[in-house]
Each structure stands twice: as C-alpha cells, then as structure tokens.
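Note that the numbering used here has the sequence shown beginning at 1, numbered continuously upward. Think of the CB as a built atom: it goes at the ideal place given N, C-alpha and C, for glycine as much as any other residue. Because the structure is a prediction, the values reported are computed rather than measured.
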Amino acid sequence: MKIRFEFLDGIRGISALWVVLYHSLLFNGYSTAHDIKWSDDFILHFIQKSTSIGHLAVSIFIVLSGFCLAIPVVNNNMEIKGGFKRYISRRAKRLIPPYYIALLLSGLMILFFPLLQTTQNTAWDSKIPVTFGSVISHIGLVHNLDSSWIYKINGAHWSIATEWQIYWLFPLMLIFWKRINMYVSFVIFAVLALLLKKLIPMAKPEFIILFFMGVICCYLSFKKTTINKFLIPLATTLFIGSLVVFALLDINGFLMILITGITFSFLLYALVTYKKLTGKSINILENKPLEFLGKISYSLYLIHGPFLALINLYLLKNFDLTNDNRQWIIFIFIFVFIIPVTTIFYHLVEKRFLNK
C-alpha cells in the first residue's frame with residue numbers, strides 16, 4: 001500500500017511559490033547581479049525580506065526528494081523495490097519528459113519573442129545566447145557542471161540536473177548503509193559532497209548531504225513509536241528562526257544550505273512522526289490552495305523563469321515605472337497569468353508522466 005502524507009503537498013506548494021516570488025525580485029528592473037531593489041514601503045519591504053532567501057526552497061525540495069524516495073525503501077528492508085532498473089526508469093519518467101518540454105517551451109519563447117533575444121542589463125542576460133553547447137548539455141542533464149551552460153535558456157533548470165545526478169547515487173547510499181551502517185554511509189557521502197564542492201562548486205554537490213538527510217529523516221521517523229508534544233514547536237522555532245536570521249543577515253551560502261537542510265529535516269521528522277502516530281491532519285499545511293500549489297509545484301518551477309523575464313522586459317520597454325510599482329505588477333502577474341499557465345502545463349504535460 002502506498003504511504004502518503006498529505007501535508008507534503010502543502011510544503012511543496014509553499015516552497016514553489018517562495019522560489020517564484022524570489023525570482024520575481026531578481027527579474028525586476030535592470031541589473032545582471034542578484035540585486036534586489038529594496039523598497040521603502042513597509043509592506044513591500046517585508047515581502048521582499050520574506051522572499052529574498054527563496055532560493056532555499058531548493059534545499060527543501062531536495063530533502064523532500066530524499067524522504068519520499070526512502071519511504072518504500074524503509075518499508076522494504078532498505079532495498080529498492082524492483083531493483084535499480086525499475087527505480088531509475090521511474091525517476092526518469094517522472095523528472096525528464098516535463099523538463100524537456102519546459103526546456104523546449106523556453107527555447108520557443110526565446111525564438112518568438114524578440115525581447116528575450118538580446119541582453120539588456122537584466123537578470124535574463126545570463127540565459128542567452130542559446131548556444132549549441134548549452135542545448136546539448138541541457139539535453140544530457142549535465143549543464144550544471146560548467147559555468148557557461150548552467151544558467152542558459154532557463155536559469156531554474158540547473159537544479160533538475162543536480163537532482164537527476166543525485167538519483168544515481170541513491171542506490172550506492174543504500175549499499176553502504178546496509179553493509180556498514182547509516183552513520184558511516186552518511187559521513188562517506190558528506191565527504192564526497194565536500195570534495196565535489198571543490199571541483200565543481202556551481203553544481204551544488206552539497207545537496208547530496210541534504211538528500212541523505214531526507215533519507216535518514218524518513219528512516220528515523222518510521223522507527224519512532226512515541227510522541228513528544230514539544231517536538232513540533234521546537235522544530236518549527238528552529239526552522240523559521242534560522243530563516244529569519246538568514247533574511248536579516250548576510251550569511252555564507254553553503255552554511256545557509258546546510259543549516260536549512262538540518263532544521264527542515266528535523267521539522268519534517270517531527271511532522272511525519274506526529275501524522276503517522278496520531279493520524280490527525282496538519283491543518284495549516286493540508287488545505288485546498290496549498291494542495292493545488294503542491295500538485296503543480298514541479299511545473300511551476302520548470303516554466304516560471306522566462307515569463308518573469310518577459311513581463312519585466314515588457315514593462316521596462318513600454319512604461320516608466322518605479323521599481324516598487326513594477327514589483328507589484330510582477331507579483332500580480334504571477335497569480336493571474338503564470339499560475340494559470342502552469343496549471344495548463346501540468347494537465348497537458350506533467351500529469352501524463354506521473355508514476356502510478
């Protein structure tokens with residue numbers, strides 16, 4: 001029987017919207033750097049601060065990926081059901097076809113919209129020109145290994161390559177886990193990640209550590225047999241508290257990723273344990289809007305970038321707006337256009353490749 005935790009869709013929904021709002025800050029106005037035009041308006045400034053670390057949503061997605069892939073493994077004596085071939089083919093079916101179609105959509109938008117074809121000192125500049133190398137590397141899901149490819153065509157797609165590569169390591173993690181133990185296996189792959197960080201830092205190999213954290217979180221939460229009423233409040237405080245600190249202070253990116261992985265894994269462990277042992281709903285995360293966003297979260301992540309770039313470039317070309325007004329328009333555009341288009345993409349594309 002398939003085990004499902006409905007609140008995970010809520011987390012996916014929040015994370016997907018978070019990363020889109022973060023990217024909307026970067027796709028506002030001129031500047032090729034990761035430069036946010038901070039507002040003097042209290043409400044807008046608060047939203048900007050809250051979403052300025054939205055890139056950490058990728059860390060959450062990676063932990064969730066490790067957790068979800070581990071569920072059938074934990075319940076099968078730490079072995080992959082059906083063997084490696086079945087596992088990797090199911091992962092490929094789920095991840096790659098929607099990615100390829102989103103990549104094609106991004107390329108077609110560049111082809112048919114002149115605004116997207118030339119550099120204009122905006123965040124879109126790093127996505128063009130589309131070169132033979134960038135296309136081939138994206139098709140081969142190795143574009144995250146070279147700085148001249150990684151952000152081309154659709155900047156958000158770098159993490160798809162990283163996740164796909166981690167999928168191939170998952171069976172090795174389990175082999176070391178079974179032959180030695182969980183802790184030694186984790187240390188081995190943490191060291192591997194740090195070594196790769198020196199060689200190919202742009203590929204974000206530190207996400208190997210976060211993925212493994214998700215696997216460990218799953219294993220421990222399924223072994224837990226008692227509930228501590230202070231666990232969820234403590235885990236929530238640590239997770240949200242760390243995010244507040246990151247939003248207010250300039251902290252090293254690697255450290256942010258690592259701490260986010262640890263605190264979110266702890267929170268996930270607390271939520272899963274509570275849900276598994278009580279069967280009660282986690283109402284704040286289990287509601288229709290978040291369930292909907294969670295369902296389309298992968299599609300939203302795949303296609304939002306070029307649309308954000310296009311609306312920013314269109315507004316810059318045709319209207320003399322303040323950064324604040326342009327930012328509000330982009331926010332509205334996300335909800336009235338990008339999310340509806342994403343819903344269509346989900347039903348026409350992604351839904352066809354869901355594993356049963």
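Separation of residue j from residue i, as counted between CA atoms
| i | j | result |
| --- | --- | --- |
| Leu285 | Ser134 | 38 Å |
| Ile62 | Tyr167 | 11 Å |
| Leu196 | Leu321 | 44 Å |
| Leu316 | Ser15 | 28 Å |
| Leu283 | Val349 | Looking at the sequence provided, one finds Asn at residue 283 rather than Leu. Distance between the alpha carbons of Asn283 and Val349: 30 Å. |
| Ser59 | Thr260 | 7 Å |
| Gly140 | Ser106 | 17 Å |
| Val272 | Ser242 | 21 Å |
| Ile136 | Ser159 | 17 Å |
| Leu17 | Tyr346 | 15 Å |
| Leu277 | Asp9 | 19 Å |
| Ala309 | Gly155 | 11 Å |
| Gly253 | Gly82 | 38 Å |
| Phe335 | Phe212 | 34 Å |
| Ser281 | Pro233 | 16 Å |
| Leu172 | Ile180 | 12 Å |
| Leu255 | Gly54 | 15 Å |
| Ile88 | Cys217 | 22 Å |
| Leu108 | Ile227 | 52 Å |
| Gly29 | Ile339 | 22 Å |
| Phe222 | Asn77 | 12 Å |
| Lys356 | Trp177 | 28 Å |
Backbone secondary structure at residue i - three-state DSSP
| i | result |
| --- | --- |
| Pro205 | coil |
| Met256 | helix |
| Pro129 | coil |
| Thr322 | coil |
| Ser281 | coil |
| Glu350 | helix |
| Lys224 | coil |
| Tyr30 | coil |
| Ile60 | helix |
| Ser148 | coil |
| Met1 | The predicted model places Met1 with a pLDDT of 46, which falls under 50 and marks its position as unreliable, so this point remains unresolved. |
| Val142 | coil |
| Thr78 | What sits at residue 78 in the sequence shown is Met, not Thr. Of the three classes helix, strand and coil, the one that applies to Met78 here is coil, per DSSP. |
| Asn312 | helix |
| Leu249 | coil |
| Gln165 | helix |
| Trp38 | coil |
| Thr122 | coil |
| Glu291 | helix |
| Ile338 | helix |
Neighbour-count burial assignment, residue i, 16 or more Cβ in a 10 Å radius
| i | result |
| --- | --- |
| Thr263 | buried |
| Pro114 | exposed |
| Ile110 | buried |
| Gln48 | buried |
| Arg352 | exposed |
| Phe319 | exposed |
| Ile150 | buried |
| Gly66 | buried |
| Gln117 | exposed |
| His34 | exposed |
Heavy atom of the ligand ZN within 7 Å of residue i beta-carbon
| i | result |
| --- | --- |
| Gly253 | With respect to the ligand ZN, the structure offers nothing, as it holds no ligand at all. |
Cutoff 7 Å; reference residue i; Cβ partners in own chain excluding five residues on either side
| i | result |
| --- | --- |
| Ile208 | Ile166, Leu169, Phe189, Leu192 and Ala193 |
| Thr162 | Asn144, Ala203, Lys204 and Phe207 |
| Ser24 | Leu308, Ile330, Phe331 and Ile334 |
Chain-order list of residues whose beta-carbon lies under 6 Å from that of residue i (same chain, five-residue window excluded)
| i | result |
| --- | --- |
| Arg12 | Gly294 and Ser297 |
| Ala102 | Leu302 and Ile303 |
| Ala235 | Phe266, Leu267 and Ala270 |
| Ala57 | Ser15, Trp18 and Val19 |
| Glu6 | Glu286 |
| Ala123 | Leu26 and Phe27 |
| Leu231 | Ala270 |
Nonlocal neighbours in the same chain, by C-beta distance under 8 Å from residue i, ignoring five residues either side
| i | result |
| --- | --- |
| His45 | Trp38 and Ser39 |
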